[in-house]
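Numbering-wise (this note's numbering), the sequence shown opens with residue 14 and increments by one. In what follows, a structure is listed as structure tokens, so that the remarks can point back to it.
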Amino acid sequence: MTKQNCALCGTEIGLLAQQKLADGNYICRKVCAKKCLKVMDLMHATLDQVKTHIQQIEFGTKAWEQIFVPLMKTKVKDEKLKYLCQNGQLVVSPSTGLVALIQNDYKFFVFGKTTRACVYRLADLYRYEYETEVTKDSEGKDVTKHFCYLGFSGVSGLSDFRLPISSQSDFLSIEKYFNTLFGIQKTLRNVGNNFKSQINAAKAVAQAVKAVKDKDADMEAKAAGAVEALDAAVYGDRTEWIKKADIALATVK
Ligand SMILES: [Zn+2]
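Dropping the structure here:
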């Protein structure tokens, strides 16, 4: 069968050691594929995405070591980290406005582990959804696997992924945590709290519509205001989250 050369390190790779990418490039499983986190879907990634992902891990691992690790031992209640997902792969730092996706790599014969991470701004988290997949076990019985799907906007490299969770109720507690963080109320019980931001959004839309009618010079500004107000109603106001995260990320050396 055909041998290929790894598009990253150039080494010649036999069929079993080849990882094909979405754009037809190949990378070696032994070294270069392992530079990516396991949740990265390489089959659907391009070579550029893989390269960006590797840089994302380099920066993310530094951010993990310099921001998250020191906070593990904090006694300050507001600075405590929140571990989501049963395997602790997703770690939120509300005080810095960041969330880390981590992977622990254990080495044979070497004591301890190394942790690598992708670190995201919480403000960029726009999708968190529940997904299931049904597979057959060795006896042919259906087994349902549960996942939490996360999608970040404006992120290059690994921007969306799904993490295994043990049940739907795991997802509901993750969803509730993020909704509370962003001030999003989805249940009818809380409709009163959400009402004000919806009214603001409606007002801004009405203004923008009026601006179009009147051929208002500020039309664009008003339309932009409407979009922002709508976003705030649906996703929560993220201004403070962006500020916090950018201040924290600027300290990473
Ligand atoms: Zn390689």
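Even glycine gets a Cβ: it sits at the ideal position worked out from N, Cα and C. Source: prediction; values computed, not measured.
Item                                                                                             : Value
The stretch 51–64 / the stretch 162–177 touching (three or more Cβ pairs under 8 Å)              : yes
Collapsed DSSP secondary structure at Thr252 in the structure displayed                          : helix
N-terminal and C-terminal residue of the alpha helix (DSSP H) that Asp61 is part of              : 60–76
Segment contact flag, the stretch 46–57 with the stretch 103–113, C-beta cutoff 8 Å, min 3 pairs : no
Beta-carbon spacing of Phe174, Leu94 below 8 Å                                                   : no
Same chain, Cβ closer than 6 Å to Cys161, five either side skipped, listed in chain order        : Leu176, Ile178, Phe184, Ile187
Straight-line Cα distance separating Ala46 from Asp36                                            : 15 Å
Exposure of Phe124, with buried meaning 16 or more beta-carbon neighbours within 10 Å            : exposed
Residue span of the beta strand (DSSP E) that contains Gln106, given as start and end            : Per the sequence shown, residue 106 should be read as Ser rather than Gln. Taken as a continuous stretch (DSSP letters only), the beta strand (DSSP E) holding Ser106 covers 103–106.
Endpoints, beta strand (DSSP E) assigned at Asn192                                               : Careful: Asn192 lies outside any beta strand (DSSP E), inside the alpha helix (DSSP H) at 181–195.
Option in Gln17, Lys86, Phe81, Glu253 with minimal Cα separation from Leu103                     : Phe81
Paired residues, beta bridge with Lys47 - DSSP                                                   : Answer is none; Lys47 lacks a bridge partner.
Any non-hydrogen atom of ligand 1 closer than 7 Å to Leu21 Cβ                                    : yes
Cα-Cα separation, Lys153 to Glu146                                                               : Residue 153 is actually Gly in this sequence, not Lys. Taking the straight line joining both Cα atoms gives about 15 Å.
Between the CA atoms of Thr74 and Asp150 - distance to the nearest angstrom                      : 36 Å
Contact test: Cys41 Cβ vs ligand 1 heavy atom, cutoff 7 Å                                        : yes
Buried versus exposed, by CB contacts within 10 Å (16 or more), Arg134                           : buried
Phe195 versus Lys16: straight-line alpha-carbon distance, rounded                                : 50 Å
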